[in-house]
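Number of protein chains: 2
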Amino acid sequence: MQMKTGVEQSIYAMLLLTFLPDKGVLPGEFISQQLGASPTYFQKLLRKLVHADLLISVPGAKGGFRLKASPEQIRVFDVYEAIEGKQSLYASSGVFEDLMGIQNQNICLLSDLMTEAEQSWQSTLKRETIDSIRREIYLNCPPDHLTKLQSLIEEKMIRN
Amino acid sequence: MQMKTGVEQSIYAMLLLTFLPDKGVLPGEFISQQLGASPTYFQKLLRKLVHADLLISVPGAKGGFRLKASPEQIRVFDVYEAIEGKQSLYASSGVFEDLMGIQNQNICLLSDLMTEAEQSWQSTLKRETIDSIRREIYLNCPPDHLTKLQSLIEEKMIRN
DNA sequence: ATAACGTGGATAACTATTGTCCACGATACA
DNA sequence: TGTATCGTGGACAATAGTTATCCACGTTAT
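In the order they appear, the protein sequences are chains A and B. Counting in the numbering used here, the first sequence runs from 24 upward without gaps. Counting in the numbering used here, the second sequence runs from 24 upward without gaps.
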């Protein structure tokens, strides 16, 4: 199994949007260009993020996307869940439970273990936020790159 | 993303094989029947388990499969890895690193976090073994079901 | 010899993911 | 009020990954 590439792209999109000043907005096509993603499919990802209440979309000319909450409040997990959905990594088929005659009991053998494993995975993703990644960028990124990107965004963004 | 159903089936197969007495062997078709899996595809899973050194296969008439190591030595993770392969859940595309001008450095922003999350997930799967699940079965399974299954296996198995 | 079993490759069916297209509604601006 | 720009949602196509089938082959017990 592999995580969808959309999760990575979405997290990067969120990161790009942290560069936006208040009330600024970035068109979806510009974001997808920066990430080298297919524009039309990327719009679908953005809509998922809007549905998950992570982004606000502004329709019409001078429209675009903006973070709904502050970067500190957006966990990496929230983005993950918005794209991947809420289904768990493991779904018991129930065949073995049948074989063992423990259909209706709550001893799930594997399920418990898998659930615990998935919670470990998720808890790591819940610990870090978009802001904590952004801070790492500020620390490790060459300053000239940062300012270049900043000015590119200010050029392409739209104020309302 | 979803875990392959083959992982679940493989773990159940390993559990079934713990019922085998020493030097006994179970044909692949019998195992797949018990698990309600497609016989031909299930053989492929069994071969993966053989390649991963978890099972021993005996060819020829009276052939079949048997655990290679004792159940205490086989971690759930080993089965998971045998079926899913060693590729990690997340593979960085590198686009964002390019955008930020940090291509060659080892600050990986997301990668570190994802790696850590995956290790959490894996460590849970490394903690439990086929034997620890088998013990749970012995504790929670109705004794008559257990003896019925045991005698079915003794009937279908092949001694060498 | 022959029947029963595992092996590995080729290939097909199925499913999920990714990508495209288009008609539509909303908004800014001339 | 018209037009250009943008997001929306649905239908659909392309691609990739997973599951399933088939077959010719090697091995072993009888």
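Think of the CB as a built atom: it goes at the ideal place given N, C-alpha and C, for glycine as much as any other residue.
- Query: Along chain B, in chain order, which residues have C-beta atoms closer than 9 Å to that of residue 109(A)?
  - Reply: Those within 9 Å of residue 109(A) in chain B number zero; the least Cβ separation is about 12 Å.
- Task: Quick one: using the 10 Å Cβ neighbour count with 16 as the cut-off for buried, is residue 71(B) buried or exposed?
- Result: Classification for residue 71(B): buried.
- Message: Could you compute how far the alpha carbon of residue 52(A) sits from the alpha carbon of residue 74(A)?
- Response: Cα-Cα distance, rounded: 19 Å.
- Round the Cβ separation of residue 180(B) and residue 47(B) to the nearest angstrom and send it over; I've been treating them as touching at under 8 Å. About 5 Å; that satisfies the 8 Å criterion.
- Got a sec: which bits of the stretch 29–59 of chain A sit with their beta carbon under 7 Å from any beta carbon on chain B, in order along the chain? Residues of the stretch 29–59 of chain A with a Cβ closer than 7 Å to any Cβ of chain B, in chain order: 31, 34, 35, 57, 58, 59.
- Would DSSP call residue 58(B) helix, strand or coil? Here residue 58(B) sits in helix by DSSP.
- Which term fits residue 178(B), buried or exposed, when burial requires 16 or more other beta carbons within 10 angstroms of its beta carbon? With a threshold of 16 other beta carbon atoms within 10 Å, residue 178(B) falls short and is exposed.
- Helix, strand or coil at residue 49(A) [DSSP, three-state]: Residue 49(A): strand per DSSP, three-state reduction.
- Item | Contacting positions in the stretch 140–154 of chain A - beta carbon closer than 9 Å to chain B | Those would be 140, 141, 142, 143, 144, 145, 146, 147, 148, 150, 151, in chain order.
- Name, please, each residue of chain A whose Cβ falls closer than 8 Å to the Cβ of residue 180(B). For the C-beta of residue 180(B), not a single chain A residue is nearer than 8 Å; the gap to the nearest is close to 16 Å.
- Item | Same chain, Cβ closer than 8 Å to residue 101(A), five either side skipped, listed in chain order | Correct list, in chain order: 75, 77.
- Straight-line CA distance for residue 93(A) to residue 150(A)? Going by C-alpha positions, residue 93(A) is about 16 Å away from residue 150(A).
- Are the C-beta of residue 25(A) and some C-beta of chain B separated by less than 9 Å? So yes, residue 25(A) belongs to the interface.
- Task: Along the alpha helix (DSSP H) that carries residue 134(B), what are the first and last residues, could you check?
- Result: Looking at the DSSP string, the run of the alpha helix (DSSP H) that includes residue 134(B) is 133–150.
- Answer yes or no: do residue 58(B) and residue 49(B) have a C-beta to C-beta separation smaller than 9 Å? No, Cβ-Cβ distance for residue 58(B) and residue 49(B) is not below 9 Å.
- Who are residue 87(B)'s beta bridge partners in DSSP? Beta bridge pairing from DSSP links residue 87(B) with 81(B).
- Query: What do you reckon, are the CB atoms on residue 140(A) and residue 33(A) nearer than 9 Å?
  - Reply: In this structure, residue 140(A) keeps its C-beta atom at 9 Å or more from the C-beta atom of residue 33(A).
- In chain A, which residues lie with their C-beta within 9 Å of the C-beta of residue 118(B)? Chain A residues near residue 118(B): 31, 32, 35, 57, 58, 59, 60.
- Message: Would residue 137(A) and residue 26(B) qualify as a contact pair, given that the criterion is a beta-carbon distance under 9 Å?
- Response: Less than 9 Å divides the Cβ of residue 137(A) from the Cβ of residue 26(B).
- Message: Is residue 115(A) close to chain B? Criterion is C-beta to C-beta, closer than 9 Å.
- Response: Closer than 9 Å: yes.
- Same chain only: Cβ atoms within 6 Å of residue 36(B), ignoring 5 sequence neighbours per side: Short of 6 Å from the beta carbon of residue 36(B), and not among the five residues preceding or following it, lie these beta carbons of its own chain, in chain order: 54.
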